[in-house]
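**Q** The structure is given below, and queries will be raised subsequently.
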């Protein structure tokens, strides 16, 4: 029949073998090892218990000649005085494996075990059984380790417990189990036969002792501590080979195990950090130490869990979820001390941040927080990192408790958090150069410089960065081919400033309109997003462009074209009159409010009527270039003059006057519309107006006659007097005017050189006296005085 010492609670089998007797519980070392096979294993769970133990060292191997004590080392010395080396010990003292496990009692058993008592189970196996067994099992409160330099780290602390297990093989020898506690108060043994409570040696106080049957587990009586060894060959659940050839089997007295109710035997703070199995030279409390196996044994453990919190929020765990990028978050670690002790945690929580999920890649330590500064919440201590904003993407936290006391380190489960990208809104405006008013969806004059402005806003706290791509299209719908001259192939990429704004360079619309018709262009802005923000598109922004309507005014000038002429100088004669025979020309002024003076051609058409229609009068060059043929006019215009036109002969003989007319038409340019005409300019060409006056021309003539037989000959003398009566002023004497026969009569006639022309208006008088000078046949004779009185009217002028 199997009975259970130090475990009437059914926690663990102390039955001189390591193999389960049935389905656990109770556990055995096989349960905790969880071997692949029995015998020989190997263990599948060497680092942690499979059964009900809350702490397990694992099956810790100690292959020879590894780790033995230097000579003269004793249990009465502090750990810091120990040293170790590799080497050989007597075979009977050569440990091959050691192990320990911790359980809590779940019920009361008589007066030995109580609910919650800490029960420690321990064991070891050795390489051979040819000699007495003197073993010790240390349970240290400090973290004690064998260092590579041959020293031991850590120190003895009050409450460190040593279980001495002695199985001598001499005749009449009996097993002995003793439990001593490290107590610096003890300077030496109180006596040669110390009892529980007495100092057994320097630094060691005896707390329990039993020998013979009372020391061996399987006793019928409840026991606070016991030990047992195999009295026959038994299977090993882990790899084992004895010096005498047993493979995966323990020869008798090579396997040892035991247990102790620490709460009942030692009491007080039952937190242990390390376990060591040792062999000793004898059963003496001051025996020399031989071989050892040491391992961490966190009886009082630590549990570390973590939560990701939003700033100022402590009751919502974000782990595994998502928040917006830029949210202030922190990691909170909750440290819990487990086990039967009341030890205070000492050390720090180290928080490592990974910029990837599942704590992969290289992490960065972002905080190391002393747990002493934490906040106690129930049975946990909470410490936190500072609040931090993160970019969008996956992050993860890993928190680790780094103990500086007897408690073990602990690592929390990696925490994941996704930071979502934030949505954005992109709003745009079209601006004129130097202005900030939005002109989107308006009609503007061509020639302005424009640019697009974008404002990107987001739903979160992080500063928006990145670029805005602005594309300019030659239509109102933001489709088709972009305008290649804008940016690179129609697109400009502009980085946002610190206010989330961007604007393009200026686009000169000069030349955009190739006809007189209005035309549209449009901007489309797209924000490309950044680490924290999603892209967004602005709406299409159309802008209509129109040409300027020029002002075209004209004058008709009399005279020839002259570079000094302008509108109003000389005077405009349109709608007036001009006398036939003068030269005229037209002058035009084209002006407007475009950014440049008008250019292009003006056509002057001259009509042979006053209505600017019908027959056109040919001109050498009716088309004039405002730039090449003209000159500047005022601040924003140009003038040009037509060819000269000579009006001579323009009015038919049957008419007294006739109208002509000019019309000037502007052909437009990149700023101004074409086909804009000045008003019809008419001009009347009048014939000249004559004045008629009458004059009296007087030529005196004398007729001389005779008888029929002989005709008179000779000359006649004439005297011309200013007034009547042949008196007064003698104006002229003309002598010797020959007689000339005409039609049978003889006449003496004054020549044109002697004619008298009466031009004065009114009444004028003149008198003549003629004297025949005679000849051989006729005597001289003087005619009577001739008075001539003439009355002339004034001049008469023609009218139209």
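Residue numbers (our numbering): 1370 to 2169. For every residue, glycine included, the Cβ atom is placed at its ideal position computed from N, Cα and C. Bear in mind that the values here come from a model prediction, so they are computed numbers and not experimental data.
Return the chain-ordered ranges of every beta strand (DSSP E) run that is complete within the region 1453-1485 and spans a minimum of 3 residues.
**A** The qualifying runs are 1464-1473.
**Q** Taking just the CA atoms, how far does residue 1423 sit from residue 1380?
**A** Translated into the one-based positions of the chain shown, residue 1380 becomes position 11. Translated into the one-based positions of the chain shown, residue 1423 becomes position 54. For residue 1380 and residue 1423, the distance between alpha carbons rounds to 12 Å.
**Q** Taking just the CA atoms, how far does residue 1436 sit from residue 1764?
**A** Walking along the chain shown from the start, residue 1764 turns up at place 395. Walking along the chain shown from the start, residue 1436 turns up at place 67. Approximately 44 Å, taken between the alpha carbons.
**Q** Output needed for residue 1421: all residues of its chain with C-beta closer than 7 Å, excluding positions within five of it in sequence on either side, in chain order.
**A** Translated into positions along the chain shown, residue 1421 becomes position 52. Excluding sequence neighbours, residue 1421 sits near 1380, 1394, 1396 and 1472.
**Q** Run the CB neighbour count on residue 1805, radius 10 Å, all protein chains shown included, and call it buried at 16 or more, exposed below.
**A** Locating residue 1805 in the chain shown gives position 436, where the first residue counts as 1. It is exposed - the Cβ of residue 1805 has fewer than 16 other Cβ atoms within 10 Å.
**Q** Keeping to the same chain, check which residues put their C-beta closer than 7 Å to that of residue 2144; ignore five residues upstream and five downstream.
**A** For this step, residue 2144 is matched to residue 775 along the chain shown. Once the five neighbours on either side are set aside, the close Cβ partners of residue 2144 are 2081, 2082 and 2083.
**Q** Since residue 1521 sits in a beta bridge, which residues does DSSP pair it with?
**A** Locating residue 1521 in the chain shown gives position 152, counting from the first residue. Beta-bridge pairing links residue 1521 to 1515.
**Q** Would you tell me roughly how many angstroms separate the C-alpha atoms of residue 1383 and residue 1641, rounded to the nearest one?
**A** The residue given as residue 1383 occupies position 14 in the chain shown. The residue given as residue 1641 occupies position 272 in the chain shown. If I take the Cα positions, the gap works out to 22 Å.
**Q** Figure out for me which residue from 1529, 1665, 2043 and 2013 has the closest Cα to the Cα of residue 1989.
**A** Translated into positions along the chain shown, residue 1989 becomes position 620. Of the listed residues, the one whose Cα sits closest to residue 1989 is 2013.
**Q** Quick one: grab the DSSP three-state call for residue 1986.
**A** Position 617 of the chain shown, counting from 1, holds the residue named residue 1986. Here residue 1986 sits in strand by DSSP.
**Q** Near residue 1579, which residues of its chain fall below 6 Å by C-beta distance, leaving aside the five closest residues on each side in sequence?
**A** One-based indexing of the chain shown puts residue 1579 at position 210. So the qualifying residues of the chain are 1546.
**Q** Per DSSP, which residues does residue 1675 bridge with? Please list them.
**A** Walking along the chain shown from the start, residue 1675 turns up at place 306. Paired residue(s): 1702.
**Q** Grab the span of the beta strand (DSSP E) containing residue 1398 for me, first residue to last.
**A** For the purposes of this step, residue 1398 is taken as residue 29 along the chain shown, with counting starting at 1. Run containing residue 1398: none in the beta strand (DSSP E); it sits in the alpha helix (DSSP H), 1398-1402.
**Q** Is the beta carbon of residue 1596 sitting closer than 8 Å to the one on residue 1586?
**A** Within the chain shown, residue 1596 is the residue found at index 227, counting from 1. Within the chain shown, residue 1586 is the residue found at index 217, counting from 1. Their beta carbons are under 8 Å apart, which means residue 1596 touches residue 1586 by this criterion.
**Q** Residues in its own chain within less than 8 Å of residue 1785 by CB, not counting five upstream and five downstream?
**A** Counting from 1 along the chain shown, the entry for residue 1785 is found at position 416. If we look at residue 1785 and ignore the five residues flanking it on each side, its Cβ neighbours are 1688, 1689, 1726, 1727, 1763, 1764 and 1765.
**Q** Put residue 1728 into one of helix, strand or coil per three-state DSSP.
**A** Taking the first residue of the chain shown as 1, we reach residue 1728 at position 359. Of the three classes helix, strand and coil, the one that applies to residue 1728 here is helix, per DSSP.
**Q** For residue 1976, write down the residues that DSSP places opposite it in a beta bridge.
**A** If you number the chain shown from 1, residue 1976 lands on position 607. Paired residue(s): 1985 and 2030.
**Q** What does DSSP give as the partner residues of residue 2165 in its beta bridges?
**A** The residue labelled residue 2165 in the question sits at position 796 within the chain shown. Answer is 2061, bridged to residue 2165.
**Q** Mark residue 1549 as exposed unless 16 or more other C-beta atoms lie within 10 angstroms of its C-beta, in which case mark it buried.
**A** For the purposes of this step, residue 1549 is taken as residue 180 along the chain shown, with counting starting at 1. Residue 1549 is buried by the Cβ-count criterion.
**Q** Assuming residue 1597 is part of the alpha helix (DSSP H), what are its boundary residues?
**A** Taking the first residue of the chain shown as position 1, residue 1597 is located at position 228. Element bounds for residue 1597: not the alpha helix (DSSP H) but the beta strand (DSSP E), 1594-1598.
**Q** Helix or strand or just coil, what does DSSP make of residue 2154?
**A** As a working mapping, residue 2154 is identified with position 785 in the chain shown. If DSSP states are grouped into helix, strand and coil, residue 2154 belongs with coil.
**Q** Within its chain, find whatever has a CB closer than 6 Å to the CB of residue 2058; leave out the 5 residues flanking it on each side and keep chain order.
**A** Numbered from 1 along the chain shown, position 689 holds the residue referred to as residue 2058. So the list reads 2167, once near-sequence residues are dropped.
**Q** For the putative contact between residue 1673 and residue 1704, defined by C-beta atoms under 8 Å, what is the C-beta separation to the nearest angstrom?
**A** As a working mapping, residue 1673 is identified with position 304 in the chain shown. As a working mapping, residue 1704 is identified with position 335 in the chain shown. At roughly 5 Å, the Cβ-Cβ gap stays under 8 Å, so residue 1673 and residue 1704 are in contact.
**Q** Using the three-state DSSP reduction, which class does residue 2123 fall into: helix, strand or coil?
**A** Within the chain shown, numbered from 1, the residue matching residue 2123 stands at position 754. Residue 2123 falls in the helix class under three-state DSSP.
**Q** Do you know offhand how far residue 2151's Cα is from residue 2069's?
**A** In the chain shown, counting from the first residue as 1, residue 2151 sits at position 782. In the chain shown, counting from the first residue as 1, residue 2069 sits at position 700. Straight-line Cα distance between these residues: approximately 14 Å.
**Q** Going straight from the alpha carbon of residue 1610 to that of residue 1430, what length do you get?
**A** On the chain shown, residue 1610 is found 241 positions in, with the first residue counted as 1. On the chain shown, residue 1430 is found 61 positions in, with the first residue counted as 1. Approximately 12 Å between the Cα atoms of the pair.
**Q** What are the start and end residues of the alpha helix (DSSP H) that includes residue 1633?
**A** Here residue 1633 corresponds to residue number 264 of the chain shown, with the count starting at 1. Unbroken alpha helix (DSSP H) run through residue 1633: 1631-1634.
**Q** What's the gap between the Cα of residue 2079 and the Cα of residue 2146?
**A** Along the chain shown, read from residue 1 onward, the residue named residue 2079 stands at position 710. Along the chain shown, read from residue 1 onward, the residue named residue 2146 stands at position 777. Near 7 Å, if we compare the C-alpha coordinates of residue 2146 and residue 2079.
**Q** Where residue 1374 and residue 1662 are concerned, what is the direct C-alpha to C-alpha distance, given to the nearest angstrom?
**A** Numbered from 1 along the chain shown, position 5 holds the residue referred to as residue 1374. Numbered from 1 along the chain shown, position 293 holds the residue referred to as residue 1662. Caution applies to residue 1374, whose pLDDT of 49 falls short of 50 and renders its modelled position unreliable; the value that the coordinates give is listed next. Approximately 25 Å, taken between the alpha carbons.
**Q** Under 7 Å Cβ to Cβ from residue 1411, same chain only, skipping five residues before and after it: list those, please.
**A** For this step, residue 1411 is matched to residue 42 along the chain shown. Only 1404, 1405, 1607 and 1608 meet the Cβ criterion.
**Q** Does DSSP classify residue 2136 as helix, strand or coil?
**A** What you label residue 2136 is simply residue 767 of the chain shown in a count that begins at 1. DSSP places residue 2136 in strand when its eight states are reduced to three.
**Q** Less than 8 Å between the beta carbons of residue 2011 and residue 1976, yes or no?
**A** Numbered from 1 along the chain shown, position 642 holds the residue referred to as residue 2011. Numbered from 1 along the chain shown, position 607 holds the residue referred to as residue 1976. No.
**Q** Roughly how far, in whole angstroms, is the beta-carbon of residue 2137 from the beta-carbon of residue 2089, given that I think they are within contact range, below 8 Å?
**A** For this step, residue 2137 is matched to residue 768 along the chain shown. For this step, residue 2089 is matched to residue 720 along the chain shown. 6 Å between Cβ atoms; contact.
**Q** Using only the alpha-carbon positions, how far apart do residue 1526 and residue 1552 sit?
**A** Looking up residue 1526 in the chain shown gives position 157. Looking up residue 1552 in the chain shown gives position 183. Taking the straight line from one Cα to the other gives about 8 Å.
**Q** What are the boundary residues of the beta strand (DSSP E) that residue 1926 is part of?
**A** Working through the chain shown from its first residue, we reach residue 1926 at position 557. First-last of the beta strand (DSSP E) with residue 1926: 1920-1927.
**Q** Just how far apart, CA to CA, sit residue 1485 and residue 1695?
**A** Numbered from its first residue, the chain shown carries residue 1485 at position 116. Numbered from its first residue, the chain shown carries residue 1695 at position 326. Each residue's alpha carbon lies about 48 Å from the other.
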